[in-house]
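In my numbering, the protein residues as written are 156 to 660.
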Amino acid sequence: MSIAILVIGAASLLLYLWRRRWIDALLVLVATAALFLLVTGWKLPGELGTTLAIDPAKPPATLDGVRALTLTGDGLRAAQWQDLPARPLAWTMPASNTLRLDFPRRLALGRMFTLTVQRGDKAPARLQLLAENGQVLAEVRGDGDLTAQWLPPLAETLELKARLLDGKDKLLAEGPVPVVVEETLPLQVRGRFSAPSFDVRVLNDLLAGSRAVIDWQVTLGKTVTRSETAREKMDKPDLLVIDAAWFERASGATRSALLEQVKEGAALLVLGGNANDSAVWSRSVQLALRPQSADATIGSLALTAAPLNPAAAQAGAWLGSDAVWSRQWGQGRIGWLGAADWHRQAIKEPRALALWWQGVLDTLGVQRNEEVNWLAPEEMPLPNQRLEVCAQGVQGKVHFPGLGQTLEWRRRSDRVDASCVAVWPRQPGWLRMETQGAKPMSAQLYVYAPSDWSLWQAAERRDATARYAARTLAPATQNQGALPGWPFAVVFALAMLCLWWRERR
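Below is the structure:
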């Protein structure tokens, strides 16, 4: 339509110019221009008008004079949107499939590494987790989201690899999966037991295998006690472990002293397999216990239930999960382990037992807090793109040897108790950072190559663009920024009327 208008207008203009009718030629020019602008919906340039079309490859540095934005494709990264003020955005999210990866960037030795691939496509697929030498560490098949697990044997810095294949073994996606496996500070554990059992010895072995500092006392008789002295001074143990019989036989002052330790921040785990007096627990910690049948089982490992257990998953302030009921007690927590005979799993399923015990300790929130807690980045770090490095428990400055930069930590209002710095990595690979001060701490952060996990990058861009679009009350439309059509229609009509009048004269 626009080409036909230009051709007809040009022919009419040349005809009037050949006949030397200058005013009529000017009217034809005005009418042609007005009709062309009316049909095409002409827009002013972004700097002078109201709408700017963003090129994802070259995002704008400023939006001065721009009232609305238009965008096609996956959008921009979160760091790029943060530099721009809020403007109405006309954007339609692409319908193509993406994927998202979820895995821990830092992992304590002894913890299970879990990689989850969230897919938009629900067709059957196969996920492989590969070592640096290409050996398959874990493999899963299924529809929709896929999760692979692997237990690291050593504390080291790893650049694993993940591969996603469809049902016909066609490669869908592939890329690095970096993780830092760290040695953790050993737990300080104090145990007091009044009824010796095989359970206690297995628990002692599990804790000793994790390098825990153990202060252990087991009463073997009225005058015989087996003790294991801690290898270092233990002022405030992280975990207190007792069996129910020890607590029931202890004096009131001993019970009060123990609960006072918990109020100050320690975690208390009670092995309920030998409980006999439900009234003691009701009075001391408000835990209502009910007799259990002799053949009752409990938990994910189908263990023998303790003789006394709460009647429901929620018992007042106590909440139960996988054979453990727990509650807050001051600044600490108390846990009731309502399972017995779990030592039998030490022979049949030692790995499953160790992971189950880790879950028990996680329920109580038992961990040694590191002085510096490095926070995972909000999006994939890429070369030559701004990266926010954030950590808790830091002050002063941080040094990046690979960049030759030393920056000062800055507090962030949107991150609780965290400080951040902004850097621009130069190349893919591990980016090393070192805190300054009396006790320097070092860490590593992986920078992905621009070609790594393109579908994951697309998903992050779409999420960031959707969040930016939600910052404005009214979304932009594709017609925003176009000049209104009625002035062009009026100009065209007036020009044609004048031309008609001159022809009739």
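Backbone N, C-alpha and C define an ideal beta-carbon position, used for all residues, glycine too.
- When only Cα atoms are considered, R438 and G407 end up about 11 Å apart.
- Comparing alpha carbon positions, the residue from Q372, V646, D354 closest to W512 is D354.
- In the pairwise beta carbon analysis, the segment 503-511 is classified as touching the segment 454-470: at least three pairs are separated by under 8 Å.
- T312 sits away from S349, with the two beta carbons spaced by 8 Å or more.
- Bounds of the beta strand (DSSP E) holding G346 are 343-348.
- If you draw a straight line from the Cα of A577 to the Cα of Q560, it is about 11 Å long.
- In this structure, L282 is the residue among L282, L264, Q483, W655 with its C-alpha nearest to the C-alpha of T271.
- Taken through DSSP and simplified to helix, strand or coil, M588 comes out as strand.
- Annotation for A286: L292 place their beta carbon closer than 6 Å to its own, counting only its chain and skipping 5 residues before and after.
- Within the same chain, Cβ atoms closer than 6 Å to the Cβ of E329 are found at R318, the five residues on either side in sequence being excluded.
- For the pair L542 and P532, the CB atoms are nearer than the 8 Å cut-off.
- Within the segment 213-262, the complete beta strand (DSSP E) runs of at least 3 residues fall at 223-225, 254-257.
- T312 sits in a strand when the DSSP states are folded into three classes.
- Note on Q416: 16 or more other CB atoms within 10 angstroms of its CB, so buried under the neighbour-count rule.
- For the pair L244 and Q612, the Cα-to-Cα distance works out to about 21 Å.
- When the alpha-carbon of G275 is set against those of D300, A263, D607, W641, the nearest one is in D300.
- The Cβ-Cβ distance between W491 and V425 falls below 8 Å.
- CA-CA distance, P214 to R232, rounds to 10 Å.
- Taking 8 Å as the cut-off, the Cβ atoms of N464 and R488 do not count as close.
- Residues of the same chain with a CB within less than 8 Å of the CB of T620, apart from the 5 flanking positions on each side, are L226, D229, G230, L231, W236, L244, W246, M248 in chain order.
- In the structure shown, Q550 adopts coil according to DSSP, grouped into three states.
- Approximately 20 Å separates the beta-carbon atoms of T452 and S481; this is outside 8 Å, ruling out the contact.
- Comparing C-alpha distances from A422 to each of P392, R242, A604 shows the shortest one belongs to P392.
- Of the candidates Q483, A460, Q486, W484, A460 places its Cα closest to the Cα of A494.
- When the five nearest sequence neighbours on each side are left out, the beta carbons in the same chain lying within less than 6 Å of the beta carbon of E615 are those of E534, in order along the chain.
- By the Cβ neighbour-count rule, M588 is buried, with 16 or more other Cβ atoms within 10 Å of its own.
- Note that the C-beta distance between L264 and E338 is below 8 Å.
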